[in-house]
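Residue numbers (this note's numbering): 533 to 766.
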């Protein structure tokens with residue numbers, strides 16, 4: 533049940549976003565079965581939208597592959613963050629977990645670990661499987677029923693992913709340091725985008741923002757140490 537609770541907000545966000553992907557993929561010349569296969573085996577969210585758009589524009593396979601690789605580089609950071617918590621898992625269990633890890637499942641799991649949650653395989657995999665299943669279900673709806681809708685933009689489906697990211701971010705901002713890092717990273721991401729960095733802006737903003745957070749944390753610890761030392765001398 534804990535896994536279901538974690539997955540529920542993700543499911544509510546995934547179905548409309550995956551529906552939009554199914555519509556986009558078919559409109560760009562993908563047969564429905566191929567769009568569904570992408571959601572089953574690639575399961576890359578924004579990477580799937582990039583692939584559908586680039587393939588529809590006639591871009592070569594190598595360029596599409598490189599673009600998806602760059603967009604999904606953030607998974608290296610997420611995996612490194614969760615690795616200490618997942619150490620008790622076997623190699624196969626880690627592989628299955630990594631296969632289904634997304635920004636949203638990372639958000640809910642990392643928040644739980646930060647709050648002292650004890651590792652539970654049923655919770656992890658129920659959440660991940662339900663999230664993945666909802667993504668596949670939404671893609672099926674979009675691929676086969678999307679032709680009934682000429683334009684998905686008036687429905688606001690394109691904002692569902694952004695809203696879901698915001699809902700996952702807010703509970704993790706539990707201190708002024710978290711808020712500062714989030715705001716700084718957001719500013720960098722937008723600035724890099726405006727400078728023309730169309731693929732690396734998110735990854736670079738995440739790395740620089742994390743370094744900024746570490747610098748602030750160490751500065752705060754140093755100040756606390758100096759104050760404690762001054763107090764003992766007094």
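The beta carbon of each residue, even a glycine, is placed where N, CA and C say it ideally should be.
Three-way DSSP call (helix, strand, coil) for residue i in this model
i           : result
residue 718 : helix
residue 511 : This structure gives no information on residue 511, because the portion of the chain shown stretches from 533 to 766.
residue 614 : helix
residue 648 : coil
residue 557 : helix
residue 562 : coil
residue 662 : helix
residue 726 : helix
residue 632 : coil
residue 712 : helix
residue 587 : helix
residue 737 : helix
residue 619 : coil
residue 606 : helix
residue 595 : helix
residue 642 : helix
residue 706 : coil
Integer-rounded CB distance, given that residue j should sit under 8 Å from residue i
i           : j           : result
residue 575 : residue 664 : 6 Å
residue 720 : residue 735 : That belief does not hold up - the Cβ atoms of residue 720 and residue 735 are roughly 11 Å apart, past 8 Å.
Classification of residue i by the beta-carbon crowding that lies within 10 angstroms, buried from 16 upward
i           : result
residue 671 : buried
residue 548 : buried
residue 702 : exposed
residue 592 : exposed
residue 601 : exposed
residue 557 : buried
residue 707 : exposed
residue 662 : buried
residue 627 : exposed
residue 573 : exposed
Span separating the alpha-carbon of residue i from that of residue j
i           : j           : result
residue 535 : residue 561 : 36 Å
residue 617 : residue 645 : 7 Å
residue 726 : residue 733 : 9 Å
residue 668 : residue 651 : 27 Å
residue 716 : residue 567 : 36 Å
residue 603 : residue 545 : 20 Å
residue 749 : residue 588 : 45 Å
residue 640 : residue 678 : 30 Å
residue 629 : residue 729 : 31 Å
residue 571 : residue 606 : 19 Å
residue 612 : residue 753 : 23 Å
Worksheet item: Do three or more CB pairs link the region 588-600 to the region 616-632 at distances below 8 Å?
Response: No: the two stretches stay apart, fewer than three of their Cβ pairs being nearer than 8 Å.
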